[in-house]
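Residue numbers (the working numbering): 36 to 374.
#1: Using the three-state DSSP reduction, which class does residue 116 fall into: helix, strand or coil?
#2: Can you grab the Cα-Cα spacing for the pair residue 95 / residue 312, in whole Å?
#3: Taking the straight line between their C-alpha atoms, what separation do you get for residue 324 and residue 314?
#4: What are the boundary residues of the beta strand (DSSP E) that includes residue 133?
#5: In whole angstroms, what separates the C-alpha of residue 246 from that of residue 210?
#6: In this structure, what does DSSP give as the bridge partners for residue 357?
#7: Measure the alpha-carbon distance for residue 176 versus residue 304 and round it to whole angstroms.
#8: Work out the CA separation of residue 309 and residue 355 for me, nearest whole Å.
#9: With H, G and I counted as helix, E and B as strand and the rest as coil, what does DSSP make of residue 168?
#10: Using CA coordinates, which residue listed in 144, 59 and 127 is at the minimum distance from residue 133?
#11: Helix, strand or coil: how does DSSP classify residue 141 here?
#12: Here's a check: name, in chain order, each residue in its chain whose Cβ is nearer than 6 Å to the Cβ of residue 242, leaving out the five neighbours to either side.
#13: Decide if residue 74 is buried, meaning its Cβ has at least 16 other Cβ atoms within 10 Å, or exposed.
#14: Using beta-carbon positions only, say whether residue 205 and residue 40 come within less than 7 Å of one another.
#15: Sort out for me which residues DSSP pairs residue 336 with in a bridge.
#16: In its own chain, which residues sit with a C-beta less than 7 Å from the C-beta of residue 198, not counting the 5 before and 5 after it?
#17: Between residue 92 and the rest of its own chain, which residues show a CB-CB distance below 6 Å, the 5 nearest in sequence each way excluded?
#18: At which residue ranges does the stretch 170-232 contain complete alpha helix (DSSP H) runs of 4 or more residues, listed in the order of the chain?
#19: Any contact of the stretch 222-237 with the stretch 179-187, i.e. 3+ C-beta pairs under 8 Å?
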């Protein structure tokens, strides 16, 4: 099994402060994720002045600003990107960012990002999808709010534009912050895999870490999860994000699940358990004192630990045999004791 790619989504949880963004990178590096991801956008290229905020943004942002005014505060400049990339390199974690418009794609391409993450809101944006496809890099496609038909259309646009199917990972996602457990529908991830013959992932917005862990057990190749320094910080995404200790726990759990499902699939004793085989199993013993020459009956026998004698699976073979020596109660039998 190939290693699951774990993306720690810093997103806009830097609150427009470069030093806070660097602290998020530090947390991601400490948790040993593969990528720490931010968001790259030019607000005016994405949002009209009349666009309303989502209900979770209203609840968590704590301001009467419009969506445009809110998002504008989280823009990162090219210089900010360079500073964050350098900090990622210093901390040994990979930098990634989601572009939300054509100009932002060009900015990230100029910075040499290794892959592109398409956010759920852009899955129906033809010019955006064509631009990503033209760059012929690996793509992670998030599918929040999408139907199977919309996912199919987006995949076809990417492939027609030059991205080979094997370079596309389609991430099941629910775009509610936080996502209620009854709406996760994790089995839809498998539906996507089977319908389009693609690698699958999961972009999670639930509270806690159990759902992304379950997604890995089901076959997700990529996990993306929002994180923050403190869920009580002001901003639209903090409340549905993991705090540092939770992020680290999620990474550890995912790596353990990788090991647990990474075997050869053959049911046989493992090396670690062989030493316990005779300790846990039983062998045939006598249930009472018996004299030499006695013909053994069912009542003369009992199965007791350890299992280094005659297996109880040979019970019928032993019954009716004659003892060649006298035995004491609860004494282990061997084949040499039988005539």
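Backbone N, C-alpha and C fix where the C-beta goes; we use that ideal spot for every residue, glycine too.
What you are looking at is a predicted structure, and each value in this text was computed from that prediction instead of being measured.
The relevant details are as follows:
#1: Position 81 of the chain shown, counting from 1, holds the residue named residue 116. In this structure, residue 116 counts as helix in the three-state DSSP scheme.
#2: Working through the chain shown from its first residue, we reach residue 95 at position 60. Working through the chain shown from its first residue, we reach residue 312 at position 277. Cα to Cα, the separation comes out at about 56 Å.
#3: Translated into positions along the chain shown, residue 324 becomes position 289. Translated into positions along the chain shown, residue 314 becomes position 279. In a straight line, the C-alpha of residue 324 is about 24 Å away from that of residue 314.
#4: In the chain shown, residue 133 corresponds to position 98, counting from 1. Taken as a continuous stretch (DSSP letters only), the beta strand (DSSP E) holding residue 133 covers 129-134.
#5: In the chain shown, residue 246 corresponds to position 211, counting from 1. In the chain shown, residue 210 corresponds to position 175, counting from 1. Their backbone Cα atoms lie some 15 Å apart in a straight line.
#6: If you number the chain shown from 1, residue 357 lands on position 322. 330, per the DSSP bridge assignment.
#7: The residue you call residue 176 lines up with position 141 of the chain shown. The residue you call residue 304 lines up with position 269 of the chain shown. Cα to Cα, the separation comes out at about 40 Å.
#8: By one-based count along the chain shown, residue 355 stands at place 320. By one-based count along the chain shown, residue 309 stands at place 274. Going from the Cα of residue 355 to the Cα of residue 309 covers about 32 Å.
#9: Working through the chain shown from its first residue, we reach residue 168 at position 133. Residue state, collapsed to three classes: helix.
#10: The residue you call residue 133 lines up with position 98 of the chain shown. The option with the nearest alpha carbon to residue 133 is 144.
#11: Taking the first residue of the chain shown as 1, we reach residue 141 at position 106. In the structure shown, residue 141 sits in a helix (DSSP, three-state: H, G or I).
#12: Looking up residue 242 in the chain shown gives position 207. Only 213 meet the Cβ criterion.
#13: Position 39 of the chain shown, counting from 1, holds the residue named residue 74. Under the 10 Å beta carbon count, residue 74 is surrounded by 16 or more other beta carbons and is classified as buried.
#14: Position 170 of the chain shown, counted from the first residue, corresponds to residue 205. Position 5 of the chain shown, counted from the first residue, corresponds to residue 40. Not closer than 7 Å, so no.
#15: Translated into positions along the chain shown, residue 336 becomes position 301. DSSP output for residue 336 lists 321 as bridge partner(s).
#16: Within the chain shown, residue 198 is the residue found at index 163, counting from 1. These residues qualify, in order along the chain: 168, 171 and 174.
#17: Taking the chain shown and counting its residues from 1, the one referred to as residue 92 is at position 57. Excluding positions up to five away in sequence, the list reads 271.
#18: Counting whole runs of 4 or more residues, the stretch 170-232 contains the alpha helix (DSSP H) stretches 183-195 and 222-231.
#19: yes
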